[in-house]
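Participant: Residue numbers (our numbering): 3 to 107.
1) Within the same chain, show all residues whose beta-carbon is closer than 7 angstroms to that of residue 37, passing over the 5 residues directly before and after it, in chain order.
2) Can you tell me whether residue 22 is helix, strand or coil according to DSSP?
3) Answer with buried or exposed for residue 8, where buried requires no fewer than 16 other C-beta atoms within 10 angstroms of its C-beta.
4) Does the stretch 66-73 come into contact with the stretch 81-90, if we say contact requires no fewer than three beta-carbon pairs (one atom in each stretch) closer than 8 angstroms?
5) Within its chain, find whatever has a CB closer than 6 angstroms to the CB of residue 32; leave out the 5 residues flanking it on each side and keep chain order.
6) Starting from residue 82, follow the beta strand (DSSP E) in both directions and report where the run begins and ends.
7) Span of the alpha helix (DSSP H) holding residue 70?
8) Cβ of residue 45 within 9 angstroms of Cβ of residue 57?
9) Give the secondary structure of residue 37 by DSSP, where H, G and I count as helix, E and B as strand, and everything else as coil.
10) Nearest to residue 86 by alpha carbon, out of 12, 74, 19?
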């Protein structure tokens, strides 16, 4: 990595991934789709409005897709796109780094 100039693409990636909750939401979706309330249960500190905001942002970026199934009641699932799944290895590296360098709280 050339540190003399930080590329616009790298900056854009951190603009997305650097937002609070984004990485954790992606991590919950790595293993498969989830309903809105399931994501809230997996990340207890996250509130509904912030989850909604982050999901909309990631849908807009093409990282997450919102699938609506016509049934009674209507079923909505959120899943990672191929672009989102490509972040799996990045999240594994962050997890490994945190395991070594972050203190338990």
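Even for Gly, the Cβ is constructed at its ideal location relative to N, Cα and C.
Facilitator: To lay it out plainly:
1) Within the chain shown, residue 37 is the residue found at index 35, counting from 1. The beta carbon of residue 37 is closer than 7 angstroms to those of 78, 79 in its chain, skipping five residues each way along the sequence.
2) Stepping through the chain shown from its first residue, residue 22 is reached at position 20. In this structure, residue 22 counts as coil in the three-state DSSP scheme.
3) Translated into positions along the chain shown, residue 8 becomes position 6. Residue 8 should be labelled exposed.
4) In short, these stretches touch, since the Cβ pair count reaches three.
5) Locating residue 32 in the chain shown gives position 30, counting from the first residue. Taking C-beta separations shorter than 6 angstroms and ignoring five residues to either side along the sequence, the partners of residue 32 in its chain run 90, following chain order.
6) Locating residue 82 in the chain shown gives position 80, where the first residue counts as 1. Its beta strand (DSSP E) spans residues 77-82.
7) Locating residue 70 in the chain shown gives position 68, where the first residue counts as 1. Element bounds for residue 70: not the alpha helix (DSSP H) but the beta strand (DSSP E), 66-71.
8) As a working mapping, residue 45 is identified with position 43 in the chain shown. As a working mapping, residue 57 is identified with position 55 in the chain shown. Judged by beta-carbon spacing, residue 57 lies beyond the 9 angstroms limit of residue 45, meaning their Cβ atoms are not closer than that value.
9) As a first step, residue 37 must be located in the chain shown, where it is residue number 35. Residue state, collapsed to three classes: coil.
10) Position 84 of the chain shown, counting from 1, holds the residue named residue 86. The closest CA to that of residue 86, considering only 12, 74, 19, is found on 19.
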